[in-house]
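Participant: Okay, handing you the structure first.
Numbering (this note's numbering), first residue to last: 11 to 370.
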């Protein structure tokens with residue numbers, strides 16, 4: 011997370027709550043030569059875009075304003091520059107992506123970007139009219155949470171509500187589905203981490219394992235081949251977590267074979283802990299594989315009130331433990347409820363991070 015200083019076109023900020031209150035009259039700018047021709051900069055549209063992006067990615071804490079003018083080749087450009095202190099939620103790349111998407115329709119663009127700086131403006135006739143300078147200043151979050159969205163790969167539309175969050179969550183993709191490759195690619199293009207969601211044998215044989223599953227009846231060579239094949243169907247995956255697997259994850263031989271395949275490729279392992287007897291995280295640590303374990307399931311009950319209650323539990327647990335991994339599913343409901351509750355994460359200074367940040 012970071013605090014950010016923005017120079018830009020803002021028209022009023024609720025300082026205590028970070029709410030936008032509407033347009034305030036900008037200060038008078040320098041007088042222009044009557045012979046010069048005034049050129050309009052669409053302040054309203056650019057400001058609306060920036061505000062929309064910051065509403066998704068930042069909390070405003072302070073604002074100040076000053077006039078700007080540029081005279082060039084008989085034309086005069088005038089606008090109001092504002093500096094805004096904000097707390098950014100998540101990574102600079104996510105903030106930049108949101109800003110770019112929201113200001114482009116108004117004719118503005120990102121003119122310059124580094125890991126700690128973003129410059130936005132209008133490029134016209136070889137001139138850069140700078141409307142926003144955004145400086146990211148690091149600060150320490152109260153806690154960090156990684157949220158995995160399981161069972162992706164059935165359709166590209168599964169990603170829409172996840173991407174709409176505008177936060178650094180992780181997508182786990184089942185192998186062998188019609189859109190497994192496309193979903194993995196789209197998630198990575200959006201800057202999200204992707205894991206292989208490896209199907210593993212459950213205790214209840216009535217639960218369909220699906221394609222590419224690991225069973226306790228396989229030998230070590232077969233398991234290695236299955237894991238390699240599944241990974242090839244989710245290109246760019248930085249590791250894997252288990253889908254189902256209450257039986258397989260409790261079998262030390264099977265888990266060693268799976269984890270050996272993970273280690274050979276330098277990947278990470280997240281234990282979904284679908285059963286209390288899982289040996290996955292313990293073995294991964296013994297084998298010096300970076301690992302983490304799921305602490306909260308968000309949507310075992312696929313009902314809005316139940317999901318909301320689990321997210322509240324996640325927030326409390328994060329404040330207690332400081333680092334927590336949670337798992338939900340790539341449905342429309344879970345991301346929507348999470349989106350509605352992001353304000354609670356922000357109020358407690360809890361940062362959503364890629365799962366790779368929390369593996370040890």
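Cβ coordinates follow ideal geometry from the N, Cα and C atoms, glycine included. Just so you know, these numbers come straight off a predicted model, no measurement behind them.
Would residue 157 and residue 338 qualify as a contact pair, given that the criterion is a beta-carbon distance under 8 Å?
Facilitator: Yes, Cβ-Cβ distance for residue 157 and residue 338 is below 8 Å.
Participant: Nearest to residue 170 by alpha carbon, out of 52, 349, 369?
Facilitator: Checking every option, the nearest Cα to that of residue 170 belongs to 349.
Participant: Flag this pair as touching only if the region 152-168 and the region 125-136 have three or more C-beta atom pairs under 8 Å; answer yes or no.
Facilitator: Cβ pair count under 8 Å is below three, so no.
Participant: Thinking residue 347 and residue 318 are a contact (beta carbons under 8 Å), I'd like their distance in whole angstroms, please.
Facilitator: Contact flag correct, Cβ pair sits at about 6 Å.
Participant: If we ignore side chains and look at the alpha-carbon of each, how far apart do residue 365 and residue 220 end up?
Facilitator: Approximately 25 Å between the Cα atoms of the pair.
Participant: On a Cα-Cα basis, can you pick out the residue from 76, 87, 286 that is closest to residue 51?
Facilitator: It is 87.
Participant: Buried or exposed: where does residue 214 fall if 16 or more other Cβ atoms within 10 Å of its Cβ makes it buried?
Facilitator: Looking at its Cβ environment, which holds fewer than 16 other Cβ atoms inside 10 Å, residue 214 is exposed.
Participant: Mind reading off the beta-carbon distance from residue 106 to residue 123? Whole number of angstroms is fine, and I expect it under 8 Å.
Facilitator: Correct: roughly 6 Å between the Cβ atoms.
Participant: What ranges does the alpha helix (DSSP H) occupy inside the region 84-154, keeping only unbroken runs of at least 4 residues that lie completely in it?
Facilitator: Qualifying alpha helix (DSSP H) stretches, in chain order: 102-113.
Participant: Check whether the region 278-293 and the region 254-268 touch, using three or more Cβ-Cβ pairs below 8 Å as the test.
Facilitator: Output reads yes: the region 254-268 touches the region 278-293.
Participant: Residues bridged to residue 266 by DSSP?
Facilitator: Its beta-bridge partners do not exist; DSSP assigns none.
Participant: Tell me, to the nearest whole angstrom, how far the beta carbon of residue 208 is from that of residue 237; I am working on the premise that it is less than 8 Å.
Facilitator: That pair is a contact at about 7 Å.
Participant: Please classify residue 319: does DSSP put it in a helix, a strand, or coil?
Facilitator: Three-state result, residue 319: helix.
Participant: Tell me residue 279's beta-bridge partners as DSSP assigns them.
Facilitator: Answer is 250, 301, bridged to residue 279.
Participant: Among the candidates 369, 333, 363, 126, whose CA atom is the shortest distance from the CA of residue 176?
Facilitator: Nearest C-alpha to residue 176: 363.
Participant: In this structure, how does DSSP classify residue 212 when only helix, strand and coil are distinguished?
Facilitator: Residue 212 falls in the coil class under three-state DSSP.
Participant: In this structure, how does DSSP classify residue 221 when only helix, strand and coil are distinguished?
Facilitator: Coil.
Participant: Tell me which same chain residues have a C-beta within less than 6 Å of the C-beta of residue 39, skipping the five on either side of it?
Facilitator: Residue placement at residue 39 cannot be trusted, given a pLDDT of 46 that sits under 50; what the coordinates show is reported in the next sentence. Result list for residue 39: 77, 79, 88, in chain order.
Participant: Along the alpha helix (DSSP H) that carries residue 289, what are the first and last residues, could you check?
Facilitator: Element bounds for residue 289: n/a, residue is neither H nor E.
Participant: For residue 37, I'd like the list of residues in its chain whose CB is within less than 6 Å of its CB, leaving aside the five on either flank, ordered along the chain.
Facilitator: The predicted model places residue 37 with a pLDDT of 44, which falls under 50 and marks its position as unreliable, so this point remains unresolved.
Participant: Could you tell me the distance, in whole angstroms, from the CA atom of residue 82 to the CA atom of residue 65?
Facilitator: About 34 Å.
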